[in-house]
């Protein structure tokens with residue numbers, strides 16, 4: 038069990054550029070979640086997948102955000118035309134469907150800074 | 002609307018002191034989790050409480066789930082500098098679908 042892996046750990050981008058983050062969950066976990074965390078706040082839910090199906094999206098996920106999990110394994114989160122307000126820590130987590138009420142395993146996150 | 006309210010927001014204590022942090026809601030939760038997060042890292046799961054009134058102990062940490070499953074507390078005995086971090090409570094409210102929501106956290110600093 039290598040845990041949840043996120044890449045890159047840090048990303049600095051200019052306003053208006055597109056960025057893509059990758060998450061590799063624990064292999065036997067069929068649920069994958071994306072959260073965003075800003076300074077002084079707890080993580081905010083963005084979206085989650087069960088296998089390759091995206092089952093729920095938050096209203097926080099504007100049209101500029103898209104997430105995929107094409108083969109039910111790794112997932113990508115893309116932000117188009119980044120804005121300074123997108124600066125945050127983007128966290129990925131995974132769980133087994135039958136254990137989803139018992140907590141998640143989080144990755145170390147990707148820290149995005151939009152300048 | 003913040004469904005999970007954590008208090009205090011910030012706590013600075015001396016090594017060896019005891020402390021309690023709280024997580025409150027007006028919603029019922031099927032379970033609540035407590036996580037600890039260090040700067041620049043993701044949250045790490047400490048415990049899940051499921052049954053109303055349940056008490057769980059993890060070394061010097063004691064977690065309690067309220068009888069009505071709307072609140073929880075975390076008590077740390079004889080705090081150590083290694084306990085420093087952001088403590089987050091989280092859970093999936095009955096009315097919120099499958100997603101887990103988080104409180105804003107209690108930032109604990111234990112001075113040696």
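Residue numbers (our numbering), protein chains in the order written: chain A, 38 to 152; chain B, 2 to 113. For glycine and all other residues, C-beta sits at the position ideal for the given N, C-alpha and C.
So, for residue i: in the same chain, excluding its five sequence neighbours on each side, which residues have a beta-carbon less than 6 Å away from its beta-carbon?
i                      : result
residue 65 of chain B  : 56, 74
residue 47 of chain A  : 148
residue 11 of chain B  : 108
residue 28 of chain B  : 4, 94
residue 87 of chain B  : 38, 106, 108
residue 70 of chain A  : 85, 130
residue 109 of chain A : 88, 89
residue 17 of chain B  : 79
residue 19 of chain B  : 78
residue 76 of chain B  : 21, 63
Within 10 angstroms of the Cβ of residue i, are there 16 or more other Cβ atoms? Answer buried if so, exposed if not.
i                      : result
residue 71 of chain B  : buried
residue 122 of chain A : exposed
residue 73 of chain A  : buried
residue 151 of chain A : buried
residue 52 of chain A  : exposed
residue 49 of chain A  : exposed
residue 62 of chain A  : buried
residue 43 of chain A  : buried
residue 15 of chain B  : exposed
residue 69 of chain B  : exposed
residue 7 of chain B   : buried
residue 118 of chain A : exposed
residue 98 of chain A  : buried
residue 76 of chain A  : exposed
residue 96 of chain A  : exposed
So residue i and residue j are in contact, right, with Cβ under 8 Å, and what is the actual spacing, rounded?
i                      : j                      : result
residue 133 of chain A : residue 65 of chain A  : 7 Å
residue 80 of chain B  : residue 111 of chain B : 5 Å
residue 141 of chain A : residue 101 of chain B : 7 Å
residue 40 of chain B  : residue 143 of chain A : About 14 Å separates the two Cβ atoms, so there is no contact after all.
residue 89 of chain B  : residue 79 of chain A  : 5 Å
Since residue i sits in a beta bridge, which residues does DSSP pair it with?
i                      : result
residue 56 of chain B  : B:65
residue 90 of chain A  : A:87
residue 151 of chain A : A:50
residue 82 of chain B  : DSSP lists no partner for residue 82 of chain B.
residue 76 of chain B  : B:21, B:63
residue 43 of chain A  : A:60
residue 107 of chain A : Paired residue(s): none; residue 107 of chain A is not in a bridge.
residue 92 of chain B  : B:33, B:102
Starting from the C-beta of residue i, find all residues in its chain whose C-beta is less than 8 Å away, skip the five residues before and the five after it, and write them out in chain order.
i                     : result
residue 48 of chain B : 34, 35, 57, 59, 62, 64
residue 67 of chain A : 87, 88, 109, 133, 134
residue 92 of chain A : 85, 86
Leaving out five residues before and five after residue i in sequence, what residues of the same chain have Cβ atoms less than 7 Å from its Cβ?
i                      : result
residue 50 of chain B  : 32, 33, 57, 64, 66, 73
residue 54 of chain B  : 66, 68
residue 194 of chain A : This structure cannot speak to residue 194 of chain A, because chain A is shown only from 38 to 152.
Between the segment 91–112 of chain B and chain A, which residues of the former have CB atoms less than 8 Å from a CB of the latter, in chain order? 91, 93, 98, 99, 100, 101, 102, 103, 104, 105, 106
Check each residue of the segment 106–118 of chain A: if its Cβ is closer than 8 Å to any Cβ of chain B, include it; give the result in chain order. none
If contact means a Cβ-Cβ distance below 8 Å, which residues of the segment 28–45 of chain B contact chain C? Within the model displayed, chain C is absent; protein chains A and B are what it includes.
Members of the segment 59–92 of chain B near chain A, C-beta cut-off 7 Å: 89
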